[in-house]
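Beneath this line is the structure, given in structure tokens, with notes to follow.
Number of protein chains: 2
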Amino acid sequence: MALNQKSLAKILQHAETLCKQREVRLTPQRSKVLELVCAADGPIGAYEILDRLRQTIGNPAPPTVYRALDFLLEQGLIHKLESLHAYVGCSHPDHPHASQFLICSDCGDVREIESSGIADSLRQAQKNTGFKAKRPVVELLGTCARCQISNDRKV
Amino acid sequence: MALNQKSLAKILQHAETLCKQREVRLTPQRSKVLELVCAADGPIGAYEILDRLRQTIGNPAPPTVYRALDFLLEQGLIHKLESLHAYVGCSHPDHPHASQFLICSDCGDVREIESSGIADSLRQAQKNTGFKAKRPVVELLGTCARCQISNDRKV
DNA sequence: TTTTGGGTGTTACAATATATCATTCATCAG
DNA sequence: CTGATGAATGATATATTGTAACACCCAAAA
Ligand SMILES: [Zn+2]
Ligand SMILES: [Zn+2]
Ligand SMILES: [Zn+2]
Ligand SMILES: [Zn+2]
Chain F
1 MALNQKSLAK
11 ILQHAETLCK
21 QREVRLTPQR
31 SKVLELVCAA
41 DGPIGAYEIL
51 DRLRQTIGNP
61 APPTVYRALD
71 FLLEQGLIHK
81 LESLHAYVGC
91 SHPDHPHASQ
101 FLICSDCGDV
111 REIESSGIAD
121 SLRQAQKNTG
131 FKAKRPVVEL
141 LGTCARCQIS
151 NDRKV
Chain B
1001 MALNQKSLAK
1011 ILQHAETLCK
1021 QREVRLTPQR
1031 SKVLELVCAA
1041 DGPIGAYEIL
1051 DRLRQTIGNP
1061 APPTVYRALD
1071 FLLEQGLIHK
1081 LESLHAYVGC
1091 SHPDHPHASQ
1101 FLICSDCGDV
1111 REIESSGIAD
1121 SLRQAQKNTG
1131 FKAKRPVVEL
1141 LGTCARCQIS
1151 NDRKV
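Below, the structure is given as structure tokens:
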């Protein structure tokens, strides 16, 4: 789901506003990395970001990318897909939320969902156990609706 | 939570029974890796397993460990903690279930939970989206009850 | 016996991530 | 303005995690 220019600009501007509010610095580099993540046609790995960054900045090294990613993660502007070692832009960075993803192993499609049911059950589990989550990770690895249909056809 | 000898033997025997039922081969190597994972004092990385394996088998290489881990994962005898790149024994390998973990960043403690609420909400989300999960990953990264208390004291 | 398929041994390598130290830059107290 | 402070960046090297590829072994089937 490649973003068009307009929504990309919107996202970047929104990020800038958020960071200003929070009094943290969205530097040019961090902004550029956010742009690359959001403009990517799906989840993108750190080294792929690094490659694309080379076309803008002179000879960046891995730490450059990882530092920017760390910042963006902390600010909730992107999510990390732990099971893919890849990053995606957050579709609603305003409010903090559990990162919930449906990841199709067949077509590679990744979809962020925001199920209040899941959020509630996670909250309840925390209440029951006294655990306090800072970064909830929910990743459902499987087959998306579309791929199930096309798989069925083949059989 | 280091296991005592008795429960470790029990787990291994149980695994053997399960594999026999399923007509898959729990070879000595696979069994040994399962033992190492279960006997470990918490989540254990592949290369740590490799090191400990050296004390039993002559000069094993990474693929040896990863192959065994793949098998054990498929059989649901262990879980992979994606956010830690580490493995833990499953506390109830009889029935398939969503892997749900509370991971304390302060003390490193990892606890597998089996919340039916979470399981239900995941099922519901799949129903709503038409997605079919093969491997659900739920990892709550945060602070356990005990660490919250001791952290509070310090402040 | 030949074939076949799963499991293993071995080497080399790919992909992901971090440690460390030097340098730059904005900010602010004096 | 000046020097001090801390955050951000640059740069090099290295650690950690995970696979590809190919040869070999062995048990079960044909
Ligand atoms: Zn999000
Ligand atoms: Zn799909
Ligand atoms: Zn389990
Ligand atoms: Zn703790």
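Going down the list, the protein sequences come from chains F and B.
Everything in the first sequence is counted per this note's numbering, starting at 1 for the first residue and increasing by one.
Everything in the second sequence is counted per this note's numbering, starting at 1001 for the first residue and increasing by one.
Backbone N, C-alpha and C fix where the C-beta goes; we use that ideal spot for every residue, glycine too.
Beta-bridge analysis with DSSP links F/F131 to no other residue. Non-local C-beta neighbours of B/L1141 in its own chain, meaning closer than 7 angstroms and more than five positions away in sequence, comprise S1083, I1103 and S1105, ordered along the chain. Exposed is the label assigned to F/P62, since fewer than 16 other Cβ atoms lie within 10 Å of its Cβ. Per DSSP, the unbroken beta strand (DSSP E) holding B/L1081 starts and ends at I1078 to L1081.
Counting C-beta atoms within 10 angstroms of its own C-beta, B/P1096 has fewer than 16 neighbours from the protein chains shown and is therefore classed as exposed.
Rounded to whole angstroms, F/A145 and B/N1059 show a C-alpha spacing of 45 angstroms. C-alpha of B/K1010 to C-alpha of F/E23: approximately 55 angstroms in a straight line. In the three-state reduction of the DSSP assignment, F/I118 falls in the helix class, which pools H, G and I. By DSSP's assignment, B/R1030 forms no beta bridge with any residue. Within the same chain, no residue comes within 7 angstroms of F/G117 by CB-CB distance, once the 5 residues on both sides are set aside. Under DSSP, F/A68 shares a beta bridge with no residue.
Only those residues of the region 115-132 of chain F whose C-beta falls short of 8 angstroms from the nearest C-beta of chain B are listed: S115, G117, I118, D120, S121, L122, Q124, A125, Q126, N128, T129, G130, F131 and K132. In this model, B/P1093 and F/F71 are separated by some 38 angstroms (Cα to Cα).
Relative to ligand 4, even the nearest heavy atom lies 8 angstroms or more away from the CB of F/C104. Of the other Cβ atoms in all chains shown, fewer than 16 fall within 10 Å of the Cβ of F/P28; this residue is therefore exposed. At a C-beta separation below 9 angstroms, B/R1135 has these neighbours in chain F: S83, S105, E139, L140, L141 and G142. The closest heavy atom of ligand 4 lies less than 8 angstroms from the beta carbon of B/G1108.
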